[in-house]
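So the sequence shown is numbered by UniProt numbering: it starts at 1 and just counts up by one. Beneath this line is the structure, given in structure tokens, with notes to follow.
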Amino acid sequence: MRTRHIKTDGLVQQVLEAGFEDDNAPLVLLIHGFPELGISWRAQVEAISQAGYHVVAPDMRGYGGTDKPAAVEACSILHLVGDMVDLVRALGKASCVVVGHDWGAPVAWHCALLRPDLFTAVAGLSVPFQPRRPKGPPTAAMAAISKRARLGDLYISRFQAPDAHRALDADPAMALRKLFYAYDGATPADRRSTGFMPEGVALLDTIADEATLPPWMTEAHFDEYVQAFSVGGFEGPLNWYRAMDLNWSLTAFVQDQTITPPALFIVGEDDPVRHYAGGHEAGLKDWAPNLIRSVVVPGAGHWIQQERADEINRLLLDFLNVL
Numbered sequence: 001m002r003t004r005h006i007k008t009d010g011l012v013q014q015v016l017e018a019g020f021e022d023d024n025a026p027l028v029l030l031i032h033g034f035p036e037l038g039i040s041w042r043a044q045v046e047a048i049s050q051a052g053y054h055v056v057a058p059d060m061r062g063y064g065g066t067d068k069p070a071a072v073e074a075c076s077i078l079h080l081v082g083d084m085v086d087l088v089r090a091l092g093k094a095s096c097v098v099v100g101h102d103w104g105a106p107v108a109w110h111c112a113l114l115r116p117d118l119f120t121a122v123a124g125l126s127v128p129f130q131p132r133r134p135k136g137p138p139t140a141a142m143a144a145i146s147k148r149a150r151l152g153d154l155y156i157s158r159f160q161a162p163d164a165h166r167a168l169d170a171d172p173a174m175a176l177r178k179l180f181y182a183y184d185g186a187t188p189a190d191r192r193s194t195g196f197m198p199e200g201v202a203l204l205d206t207i208a209d210e211a212t213l214p215p216w217m218t219e220a221h222f223d224e225y226v227q228a229f230s231v232g233g234f235e236g237p238l239n240w241y242r243a244m245d246l247n248w249s250l251t252a253f254v255q256d257q258t259i260t261p262p263a264l265f266i267v268g269e270d271d272p273v274r275h276y277a278g279g280h281e282a283g284l285k286d287w288a289p290n291l292i293r294s295v296v297v298p299g300a301g302h303w304i305q306q307e308r309a310d311e312i313n314r315l316l317l318d319f320l321n322v323l
């Protein structure tokens, strides 16, 4: 397993990789979410590379050791997919299997949607594909969800504020510890986040101050996240959320288009994201007609590839073997 920097079109990407780099080794690309890094996939990089694949997990645009464009407009879904297209080309490959978790899942789904010639299979973890709504931009839909739930604002709505990252930047260690705790499957259900916040209450204030690290998270691993976000900050990652309405305006050309490559979906039974994105799980096969399998992992939370590394490794390798 090694870390290196790769120059792509207008971006330097830091990647964690392992496995054979020759033309005969199929490429598997692993895309992390928020607030994660390429190291979130360490167990998968090891296991999948040992099965004969070239496995690459980049720090995504705005994160970790990868460049961090300042503008919200530079974090659109077209930029994020483009980064992955450029990375595959820079690695000397003609195709790959793309796997995404959390925010990385929408990126992976859109890789397969927009470039099925290049991304020949896709796996989404925790977040199902959410098709473009012709009625209006996603922030309006989120506001409607919040109103129906009567639980306050969805955190994604709060992240739209231009200064929302400052509360996280003030104490990255506390912010990360609380976020990992609140979305973990081992956290008691009454302490797990719902993603909603009462009016006037900040996101971090909805999570207990005594939040501890999840059982799978060592202090050394946690320190890697703290160091990265202490240096890079949370503004770039939150710009992904602030670009959601822009994404809606840019993707009218794929309205009603389906994802044609073979697909896999995995979600933790107790993943809090299911409170507001779970409705798309049931209709996933309508949008990914070649969905090979949809798996709900009992008792697992949101950080599924780290919480249940062995099980996720097995499911991904089974999927790759089918391909």
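For glycine and all other residues, C-beta sits at the position ideal for the given N, C-alpha and C.
Around the Cβ of Glu307, a 10 Å sphere holds 16 or more other Cβ atoms; the residue is buried.
As the crow flies, the alpha-carbon of Ile266 is around 13 Å from that of Pro106. With respect to Pro172, Val226 sits close: the two C-beta atoms are nearer than 8 Å.
One alpha carbon belongs to Gly152, the other to Glu73, and they sit about 28 Å apart.
Sequence-distant Cβ neighbours of Asn247 in its own chain, meaning closer than 7 Å and more than five residues away, are Ser76, Ile77. Only residues of its own chain outside the window of five on either side were considered, and among them Ala211, Thr212, Leu213, Phe222 have a CB closer than 8 Å to the CB of Arg177, listed in chain order. Within the model, the alpha-carbon separation for Lys68 versus Met60 is close to 9 Å. Within the same chain, Cβ atoms closer than 6 Å to the Cβ of Gly104 are found at Ile31, His32, Gly33, the five residues on either side in sequence being excluded. Glu17 and Ser249 have their C-alpha atoms some 34 Å from each other. DSSP places Arg150 outside any beta strand (DSSP E), giving it a letter other than H or E. For secondary structure counted as the alpha helix (DSSP H) over 4 or more consecutive residues, the stretch 58-111 holds these complete runs in sequence order: 77-90. Using a C-beta cut-off of 8 Å, the stretch 43-59 makes no contact with the stretch 107-118, since fewer than three inter-stretch Cβ pairs fall below that distance.
Assignment of beta-bridge partners to Ala182 by DSSP yields no partner.
Per DSSP, Gln255 has no beta-bridge partner at all. In this structure Ala57 does not touch Gly82 by the C-beta definition: roughly 18 Å separates them, more than the 8 Å allowed. Closest option to Gly299, judged by alpha-carbon separation, among Val85, His110, Asp184, Asp169: Asp184.
Looking at the DSSP output, Ala18 bridges to Val55.
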